[in-house]
Amino acid sequence: MHTMCKCLIYKVIYVNLIAVTISSVSFSQNRSGIRSADYCAPALSYTYDTLYFPKSNIESILNEDTSLVRRFSRHDLLVANAVGIIPLLQQWMRARKNVTTDTRLEQTIIQSKIQSRLHLASTEIASLAAELDCAGEHADQLATYLDQKDEKRIRKLTILSIVTGAVTTGATALVDNEQTNKVVGIGGGLISAVLGGMAAFSSHRTLFVEHKRNLLTDIWNENHNSSVYSPFVWYMLNEKSFSNTAQISVIQNIRKRWQAYALNGMNSREVTLYFGPGGEYQQDDLHTRANMLNQLQSSVRSINQDLQSLMLALSGW
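In structure tokens form, the structure reads like this:
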């Protein structure tokens with residue numbers, strides 16, 4: 003009877019150890035099977051009036067029309083060029099020289115057009131900032147999902163490691179045979195150690211994230227033109243005068259910050275992942291993407307400061 007009990011104990015022990023091993027293998031599955039689409043992109047494409055595109059020869063225009071330079075600062079005139087209202091400001095300045103009933107009406111019409119352009123520029127900033135905010139929150143949400151999956155996996159592996167250790171300890175106390183005792187003790191200890199080791203490392207679980215409209219790509223590539231950003235915003239981000247140092251553009255500043263902090267030691271896989279149409283993201287990749295989007299959003303929002311300066315200059319007309 004005593005022999006039958008010991009055999010039963012052995013069977014229970016080994017069944018438990020095998021079950022634990024199989025369970026631990028199942029936790030190592032790293033593919034979530036979820037595809038995340040880019041729902042932050044606008045539902046429609048925007049068409050911008052080429053009449054109001056920033057002028058590439060702004061310096062020559064200002065050199066020829068000194069009345070604008072006398073009335074506005076160079077900074078405000080560059081913002082006005084970004085908004086596309088330099089021709090309107092020239093018309094307004096000419097209308098002010100000869101005040102008549104007709105010119106007053108013309109000034110009112112011009113002012114209305116300028117206000118409309120300023121309002122549109124403000125809307126473009128808010129719209130882009132909202133998209134960046136959405137994309138950043140989306141990346142953070144997916145990263146949190148993977149973090150929670152990993153935490154759940156770690157808890158299960160830790161519990162299994164503790165259970166295995168307890169079962170092994172109990173078994174060695176019940177087994178009289180020294181050789182069998184060693185086998186059970188070593189086997190259980192190894193499995194417990196493996197489970198504990200697995201809990202200490204990331205599962206490298208991934209999510210497939212699609213972002214065909216990638217707001218980071220044009221910034222990273224420093225493209226001359228952009229199909230994602232409006233002409234107003236893209237001019238503001240590329241004009242060196244709008245950065246704090248006025249030596250390099252806002253885009254170059256953003257890129258340098260990414261390289262120094264978020265992308266330090268980045269490999270070719272990560273370049274393709276962050277600045278391509280999408281791919282398999284781990285939680286750390288998603289956190290990095292969210293940080294880059296948030297930094298970019300802050301830079302876009304700061305354009306409001308430049309726009310406010312121009313609006314204050316125009317408020318006294």
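For the sequence shown, my numbering begins at 3 and goes up steadily by one. Cβ coordinates follow ideal geometry from the N, Cα and C atoms, glycine included. Values in this document were obtained by computation on a predicted structure and should not be read as measured data.
- Given His77 as reference, the closest of Asn255, Met238 and Leu298 once Cα atoms are compared: Measuring from the Cα of His77, the nearest candidate turns out to be Met238.
- Can you list, in chain order, the residues of its chain whose CB lies under 7 Å from that of Ser124, leaving out five sequence neighbours each side? Leu309
- Which residue's Cα is closest to the Cα of Gln254: Arg215, Ser301, Tyr276 and Lys115? Ser301
- Alpha carbon to alpha carbon, what distance is there between Asn83 and Pro89? Straight-line Cα distance between these residues: approximately 9 Å.
- Go through its chain and collect everything with a Cβ distance to Lys242's Cβ below 8 Å, but skip five positions before and after it. Around Lys242: Ala248, Gln249, Ile250 and Ser251.
- Query: Taking DSSP as the reference, what is the three-state secondary structure of Tyr147?
  - Reply: helix
- Query: Quick one: complete alpha helix (DSSP H) runs, 4+ long, within the segment 26-104?
  - Reply: Listed in chain order, they are 60-66, 68-73, 76-85 and 88-99.
- When the Cα of Arg271 is compared with those of Gln284, Trp94 and Pro56, which residue comes out closest? Gln284
- Task: Since I believe His206 is in contact with Gly280 (beta carbons under 8 Å), could you give me their beta-carbon distance rounded to a whole number of angstroms?
- Result: The pair is not a contact, with the Cβ atoms about 18 Å apart (cut-off 8 Å).
- Message: What does the alpha-carbon distance come out to for the pair Ile112 and Tyr50?
- Response: Taken atom to atom, the span from the alpha-carbon of Ile112 to that of Tyr50 is near 20 Å.
- Message: Rounding to the nearest angstrom, what Cα-Cα distance links Phe244 and Gly86 in this structure?
- Response: 16 Å
- Alpha carbon of Leu316 to alpha carbon of Leu295, nearest angstrom: 33 Å
- Proximity to Met275 [Cα-Cα], best of Leu209, Pro56, Thr146 and Ala262: Per the sequence presented here, residue 275 reads as Leu, with Met not at that position. The shortest C-alpha separation from Leu275 is found at Leu209.
- Taking Cβ positions, are Leu134 and Gln299 nearer each other than 7 Å? For the 7 Å CB-CB criterion, Leu134 and Gln299 form a contact.
- Task: Tell me whether Arg106 is buried or exposed, calling it buried when 16 or more other Cβ atoms sit within 10 Å of its Cβ.
- Result: exposed
- Just how far apart, CA to CA, sit Thr219 and Gln261? 14 Å
- Query: Name the DSSP bridge partner or partners of Tyr283?
  - Reply: Leu209
- Task: Please classify Tyr263: does DSSP put it in a helix, a strand, or coil?
- Result: helix
- Look up Ala132 in the DSSP assignment and say whether it is helix, strand or coil. helix
- Item | Pairwise C-alpha distance: Asn246 and Tyr147 | 38 Å
- Apart from the five residues on each side of it in sequence, which residues of its chain come closer than 7 Å, Cβ to Cβ, to His289? Ala145
- With 16 other Cβ atoms within 10 Å as the buried cut-off, status of Arg323: Only positions 3 to 319 of the chain appear in this structure, which leaves residue 323 out of reach.
- Task: Compute the Euclidean distance between the alpha carbons of Thr52 and Val230, then round it to the nearest angstrom.
- Result: 16 Å
- Task: Give me the Cα-Cα distance between Leu64 and His140, rounded to the nearest whole angstrom.
- Result: Pairing Leu64 with His140, the inter-Cα distance amounts to about 44 Å.
- Would you give the residue range spanned by the alpha helix (DSSP H) that Ile221 belongs to? Thr219 to Asn223
- Coil, strand or helix - Leu248 by DSSP: For the record, residue 248 in the displayed sequence is Ala; it is not Leu. Correct three-state label for Ala248: coil.
- Same chain, Cβ closer than 8 Å to Ser228, five either side skipped, listed in chain order: Asp220 and Trp236
- Query: So what does DSSP say about Arg119, is it helix, strand or coil?
  - Reply: Here Arg119 sits in helix by DSSP.
- CA-CA distance, Gln307 and Arg98? 28 Å
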